[in-house]
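K.L.:
Take a look at this one; I'll ask things after.
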Amino acid sequence: MQDGGEVLLDGGEVLFLDGAGEVVLSIGRSDLSLQPLHPELFSSCWSSITMQPKLDNKIKFSDVYAIELLDKGPICGPWNTRTAIQGKKNIEMHRFVVHGITRTRKRPSPLVPCEYIFGHGDLKTCKIWFDRLMACINNEGDRPKNLMVFVHPLCGKGRGVKNWETVAPLFDRAKIKTKVIVTDRAGHAYDTLASLSDIELKALEGVVAVGGDGLFNEVLNGILSSRHKASYPPTPEGFGYFGSNGNCKEQAKNGLNCSIPIPDSVNTMFPGNSSKCDDHEPLLSTSQPTGLEIPSSNSSKEPCIGDKDHLVSFPNDWFRLGIIPSGSTDAIVLSTTGERDPVTSALLIILGRRMSLDIAQVVRWKSSPTAEVLPTVRYAASFAGYGFYGEVIRESENYRWMGPARYDFSGTMVFLKHRSYEAKVAFLESPNTNSLTESAEDDVTGAQPLRFRQKRPRKIICRTNCFVCKEASTSGQNSEDEIADSSRTICKNPKWVWSEGRFLSVGAAVISCRNERAPDGLVADAHLSDGFLHLLLIRDCPLPLYLWHLTQFTKKGLDPLSFKFVEHHKTPAFTFISSHDESVWNLDGEIFQACEVSVQACRGLVNLFASGPEV
1 MQDGGEVLLD GGEVLFLDGA GEVVLSIGRS DLSLQPLHPE LFSSCWSSIT
51 MQPKLDNKIK FSDVYAIELL DKGPICGPWN TRTAIQGKKN IEMHRFVVHG
101 ITRTRKRPSP LVPCEYIFGH GDLKTCKIWF DRLMACINNE GDRPKNLMVF
151 VHPLCGKGRG VKNWETVAPL FDRAKIKTKV IVTDRAGHAY DTLASLSDIE
201 LKALEGVVAV GGDGLFNEVL NGILSSRHKA SYPPTPEGFG YFGSNGNCKE
251 QAKNGLNCSI PIPDSVNTMF PGNSSKCDDH EPLLSTSQPT GLEIPSSNSS
301 KEPCIGDKDH LVSFPNDWFR LGIIPSGSTD AIVLSTTGER DPVTSALLII
351 LGRRMSLDIA QVVRWKSSPT AEVLPTVRYA ASFAGYGFYG EVIRESENYR
401 WMGPARYDFS GTMVFLKHRS YEAKVAFLES PNTNSLTESA EDDVTGAQPL
451 RFRQKRPRKI ICRTNCFVCK EASTSGQNSE DEIADSSRTI CKNPKWVWSE
501 GRFLSVGAAV ISCRNERAPD GLVADAHLSD GFLHLLLIRD CPLPLYLWHL
551 TQFTKKGLDP LSFKFVEHHK TPAFTFISSH DESVWNLDGE IFQACEVSVQ
601 ACRGLVNLFA SGPEV
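Residue numbers (UniProt numbering): 1 to 615.
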């Protein structure tokens with residue numbers, strides 16, 4: 001083994017790779033090339049070390065998250081059976097390390113940090129390589145430099161702080177500045193983000209939530225509360241009748257209400273108990289009702305022209321949100337990355353991965369049938385549900401002393417009560433997609449017709465580089481002005497379809513909502529950024545059939561939406577009306593009391609540090 005490297009005529013240079021021997025190192029346009037000088041030793045020695053990553057001939061710069069200069073130290077030579085018997089020969093060299101990512105052998109697999117330690121006899125040579133590689137990494141311009149991190153100390157049985165301590169060294173190594181805030185009460189993250197000035201927000205490339213779906217929902221609403229300048233969801237003709245004070249009676253053409261711009265000033269979310277655990281199920285919550293109160297009298301207020309240049313608004317191309325999963329089920333992370341692994345999520349953030357995510361804008365017009373009309377805006381990233389979903393939340397509040405077990409207990413109690421709710425639902429029928437099931441209104445008289453309907457269309461699952469999401473993104477967005485209108489997914493001549501009767505539950509899935517109990521999610525073929533909601537109407541049916549329906553979620557490959565008492569509609573917007581006095585909705589596991597709501601999908605409203613699930 002020599003104590004230095006050799007410069008080759010083709011621009012490569014011979015260095016020592018720790019544990020493998022001499023390699024020719026050269027830089028390409030998008031990768032670092034490794035060519036072994038002694039291939040016969042190279043393959044055997046590297047593959048025999050099970051803890052080492054699979055060594056490729058090229059390391060993509062997009063998969064390198066840090067470069068470090070090390071102190072002078074030992075570089076190990078090739079390892080094989082012969083050298084193990086004779087004793088390994090090490091040599092002191094100047095070193096630098098390339099930190100990259102690899103995958104385990106199972107598929108799908110989480111991302112795993114790996115390192116390639118290179119040695120050379122000359123310190124100056126190592127510094128030159130360090131500078132060259134750093135320049136290449138810095139050219140990966142989509143990577144964050146400044147992040148705000150919220151850590152929930154109680155989520156997932158206290159995993160939040162532990163998980164952040166695990167991944168924090170990765171951010172330090174990548175030279176990412178993080179302002180870490182450990183939340184001490186419900187609404188802490190919301191209040192912090194809602195009160196940030198535009199200058200403070202522009203100093204960040206994103207916000208990371210170390211917690212469950214509940215903390216992410218709080219971050220989402222804090223960011224969007226005064227920065228999403230868009231119209232309210234459309235409503236069908238006649239919906240104004242239910243707004244009894246007349247504020248909603250003005251009708252536009254084609255049966256749409258005149259949309260009302262959201263004002264700048266909103267009240268903060270109601271703070272909750274500081275000791276409350278954010279240990280959310282994907283469809284269950286421990287949080288108190290919260291909302292963004294928007295007075296009707298100010299609903300027409302627009303920011304003055306002089307202020308528009310300084311406003312931070314959504315959607316935009318530069319700001320991203322991240323999640324490091326630490327909750328009970330982490331449905332949003334599983335649906336957007338395919339992995340429930342803190343290290344994988346941290347690496348996706350550090351490497352600057354990007355994908356658009358649809359968000360549901362939920363406007364509560366009335367909290368109860370006798371209440372006054374007061375528009376209240378909330379946002380949900382995964383799911384909005386009524387009936388069974390909301391009742392489980394409310395029931396679980398009575399059994400907080402049981403801990404996480406209260407979810408199963410409350411779910412069982414609500415299931416056995418088998419309550420149904422009278423409601424009216426109107427949804428927009430899009431010309432690009434038909435309802436995925438026919439109406440079940442005439443099929444609820446007997447058990448036999450309720451079982452199954454004819455075979456449903458083939459599912460197209462959302463994955464990395466999903467062509468469905470790309471087509472939706474490129475077909476309707478040509479300028480920032482068009483992007484700013486979150487109702488852009490609504491067709492020009494909409495047709496409203498009404499469905500009324502008694503429902504066990506009404507739900508709208510924004511994404512698939514994968515979790516460990518429902519590996520395919522609530523809607524397996526829901527896409528992350530296609531501008532549609534999946535409206536699920538579960539009509540009243542016999543208890544055994546409802547149980548059969550629910551058990552279909554627990555195994556991969558089944559179709560829980562194939563029953564005739566289940567209506568599945570793909571729609572950009574819907575309206576819900578109930579006369580029930582205590583109507584409760586579930587928004588990403590958060591309680592939201594409302595008897596009249598309008599909901600729309602805001603296509604690509606936020607960007608995530610993610611790239612979509614691979615499987």
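Even glycine gets a Cβ: it sits at the ideal position worked out from N, Cα and C.
Any idea which residues DSSP pairs A524 with across the strands?
P.N.:
Start at 1 with the first residue of the sequence shown, and residue 524 comes out as number 524. For A524, which the question treats as bridged, DSSP gives no partner whatsoever.
K.L.:
What's the gap between the Cα of V468 and the Cα of L357?
P.N.:
As a first step, residue 468 must be located in the sequence shown, where it is residue number 468. As a first step, residue 357 must be located in the sequence shown, where it is residue number 357. Those two C-alpha atoms are separated by around 13 Å.
K.L.:
Looking at the unbroken alpha helix (DSSP H) that takes in T571, where does it start and where does it end?
P.N.:
As a working note, residue 571 is residue 571 in the sequence shown. Counting along the chain, T571 falls outside any alpha helix (DSSP H), though it belongs to the beta strand (DSSP E) covering 566-571.
K.L.:
Helix, strand or coil: which one does DSSP assign to L17?
P.N.:
Sequence index remark: in the sequence shown, residue 17 carries index 17 (1-based). L17 falls in the strand class under three-state DSSP.
K.L.:
Please name the residue in V497, R364, Y407, K470 whose C-alpha comes closest to that of K424.
P.N.:
Locating residue 424 in the sequence shown gives position 424, counting from the first residue. Ranked by Cα distance from K424, the options V497, R364, Y407, K470 are led by V497.
K.L.:
Could you give the distance in angstroms between the alpha-carbon of H418 and the alpha-carbon of S328?
P.N.:
Position 418 of the sequence shown, counted from the start, is the residue given in the question as residue 418. Position 328 of the sequence shown, counted from the start, is the residue given in the question as residue 328. Per the coordinates, the alpha-carbon of H418 lies some 26 Å from the alpha-carbon of S328.
K.L.:
Going by C-alpha to C-alpha distance, which of N90, G390, E596, L321 sits closest to A381?
P.N.:
Counting from 1 along the sequence shown, the entry for residue 381 is found at position 381. Considering only alpha carbons, the answer is L321.
K.L.:
Tell whether a beta-carbon distance below 8 Å holds between T575 and L535.
P.N.:
If you number the sequence shown from 1, residue 575 lands on position 575. If you number the sequence shown from 1, residue 535 lands on position 535. No, the Cβ-Cβ distance between T575 and L535 is not below 8 Å.
K.L.:
Cα-Cα, which of D198, G238, Y65, P560 is closest to N139?
P.N.:
Indexing the sequence shown from 1 puts residue 139 at position 139. It is Y65.
K.L.:
Touching or not, the segment 524-544 and the segment 401-414, by the rule of three or more beta carbon pairs under 8 Å?
P.N.:
no
K.L.:
Use the C-beta contact count for A610: other C-beta atoms within 10 angstroms, 16 or more gives buried, fewer gives exposed.
P.N.:
Looking up residue 610 in the sequence shown gives position 610. With 16 or more Cβ atoms within 10 Å of its Cβ, A610 is classed as buried.
K.L.:
Does the contact criterion of 3 or more C-beta pairs under 8 Å hold for the segment 359-375 versus the segment 181-198?
P.N.:
Using a C-beta cut-off of 8 Å, the segment 359-375 makes no contact with the segment 181-198, since fewer than three inter-stretch Cβ pairs fall below that distance.
K.L.:
Would you list the residues sitting across from W496 in a DSSP beta bridge?
P.N.:
Translated into positions along the sequence shown, residue 496 becomes position 496. According to DSSP, which records beta bridges pairwise, W496 is partnered with L428.
K.L.:
Can you check whether the CB of I67 is closer than 8 Å to the CB of G150?
P.N.:
Position 150 of the sequence shown holds residue 150. Position 67 of the sequence shown holds residue 67. For clarity, residue 150 is Phe in the given sequence; the question names Gly instead. Contact flag unset, no.
K.L.:
For D481 and D198, I'd like the C-alpha separation in whole angstroms.
P.N.:
For the purposes of this step, residue 481 is identified with residue 481 of the sequence shown, where counting begins at 1. For the purposes of this step, residue 198 is identified with residue 198 of the sequence shown, where counting begins at 1. Confidence at D481 is low in this model, with a pLDDT of 48, below 50, so the placement of that residue should be treated as unreliable; the coordinate-derived value is given next. If I take the Cα positions, the gap works out to 20 Å.
K.L.:
What distance in whole Å lies between the Cβ atoms of C602 and Q361, which are believed to be in contact at a cut-off of 8 Å?
P.N.:
Here residue 361 refers to the residue found at position 361 of the sequence shown. Here residue 602 refers to the residue found at position 602 of the sequence shown. That belief holds up - the Cβ atoms of Q361 and C602 are roughly 5 Å apart, short of 8 Å.
K.L.:
Roughly how many angstroms separate the alpha carbons of L605 and K555, rounded to a whole number?
P.N.:
Along the sequence shown, read from residue 1 onward, the residue named residue 605 stands at position 605. Along the sequence shown, read from residue 1 onward, the residue named residue 555 stands at position 555. Taking the straight line joining both Cα atoms gives about 31 Å.
K.L.:
For the pair the segment 339-352 and the segment 161-173, tell me if three or more CB-CB distances fall below 8 Å.
P.N.:
Counting Cβ pairs under 8 Å, three or more are found: they touch.
K.L.:
Taking V510 and F319 to be in contact with their CB atoms under 8 Å, please state how far apart those CB atoms are, rounded to whole angstroms.
P.N.:
Residue mapping note: residue 510 aligns to position 510 of the sequence shown, counting from 1. Residue mapping note: residue 319 aligns to position 319 of the sequence shown, counting from 1. That belief does not hold up - the Cβ atoms of V510 and F319 are roughly 19 Å apart, past 8 Å.
K.L.:
What residue does the beta strand (DSSP E) around P325 start on, and which one ends it?
P.N.:
Taking the first residue of the sequence shown as 1, we reach residue 325 at position 325. Counting along the chain, the beta strand (DSSP E) containing P325 begins and ends at 320-325.
K.L.:
Secondary structure at N586, three-state DSSP: helix, strand or coil?
P.N.:
Counted from its first residue, the sequence shown places residue 586 at position 586. Residue state, collapsed to three classes: strand.
K.L.:
What's the C-alpha gap between Q552 and M355?
P.N.:
Within the sequence shown, the letter at position 552 stands for residue 552. Within the sequence shown, the letter at position 355 stands for residue 355. Approximately 30 Å, taken between the alpha carbons.
K.L.:
Express the C-alpha separation of V219 and V182 in angstroms, rounding to a whole number.
P.N.:
To locate residue 182, count along the sequence shown from 1; it is residue 182. To locate residue 219, count along the sequence shown from 1; it is residue 219. When rounded, the distance between both Cα atoms is 13 Å.
K.L.:
Can you give the Cα-Cα distance for P566 and Y421, rounded to whole angstroms?
P.N.:
Within the sequence shown, residue 566 is the residue found at index 566, counting from 1. Within the sequence shown, residue 421 is the residue found at index 421, counting from 1. According to the sequence as given, residue 566 is Val; it is not Pro. C-alpha separation (whole angstroms): 15 Å.
K.L.:
Given G73, which residues of its chain have a CB within under 8 Å of its CB, disregarding the five upstream and five downstream residues?
P.N.:
If you number the sequence shown from 1, residue 73 lands on position 73. Same-chain partners within the cutoff: E92, M93, R95.
K.L.:
Suppose you measure from the CA of D540 to the CA of D530; what does that come to, to the nearest Å?
P.N.:
If you number the sequence shown from 1, residue 540 lands on position 540. If you number the sequence shown from 1, residue 530 lands on position 530. Computed Cα separation, rounded: 30 Å.
K.L.:
Between A331 and the rest of its own chain, which residues show a CB-CB distance below 7 Å, the 5 nearest in sequence each way excluded?
P.N.:
Looking up residue 331 in the sequence shown gives position 331. Cβ neighbours of A331 beyond the five flanking positions: D213, P282, S382, C513, R514, N515.
K.L.:
Alpha carbons only, please: which of L201, T178, F216 is nearest the one belonging to residue 617?
P.N.:
Residue numbering for the chain in the displayed model covers 1 to 615; residue 617 lies beyond these limits and cannot be assessed.
K.L.:
Among residues of its own chain, excluding the 5 on either side of A203, which ones have a beta-carbon nearer than 8 Å to its beta-carbon?
P.N.:
If you number the sequence shown from 1, residue 203 lands on position 203. Counting only Cβ-Cβ distances below 8 Å, and skipping sequence neighbours, we find N146.
K.L.:
With H, G and I counted as helix, E and B as strand and the rest as coil, what does DSSP make of P169?
P.N.:
Indexing the sequence shown from 1 puts residue 169 at position 169. In the structure shown, P169 sits in a helix (DSSP, three-state: H, G or I).
K.L.:
Select from I350, I359, I324, T125 the residue whose C-alpha is nearest the C-alpha of N607.
P.N.:
If you number the sequence shown from 1, residue 607 lands on position 607. When C-alpha distances from N607 are compared across I350, I359, I324, T125, the shortest belongs to I359.
K.L.:
In three-state DSSP terms, what is H99?
P.N.:
Numbered from 1 along the sequence shown, position 99 holds the residue referred to as residue 99. Correct three-state label for H99: strand.
K.L.:
Which class does K162 belong to by DSSP, given the choice of helix, strand or coil?
P.N.:
The sequence position of residue 162 within the sequence shown is 162, counting from 1. DSSP places K162 in helix when its eight states are reduced to three.
K.L.:
Between which two residues does the beta strand (DSSP E) containing A360 stretch?
P.N.:
Locating residue 360 in the sequence shown gives position 360, counting from the first residue. Per DSSP, A360 belongs to the beta strand (DSSP E) from 355-366.
K.L.:
For the putative contact between R159 and S326, defined by C-beta atoms under 8 Å, what is the C-beta separation to the nearest angstrom?
P.N.:
Within the sequence shown, residue 159 is the residue found at index 159, counting from 1. Within the sequence shown, residue 326 is the residue found at index 326, counting from 1. About 4 Å separates the two Cβ atoms, so the contact holds.
K.L.:
In whole angstroms, what separates the C-alpha of F16 from that of H120?
P.N.:
To locate residue 16, count along the sequence shown from 1; it is residue 16. To locate residue 120, count along the sequence shown from 1; it is residue 120. So the two alpha carbons sit approximately 7 Å from each other.
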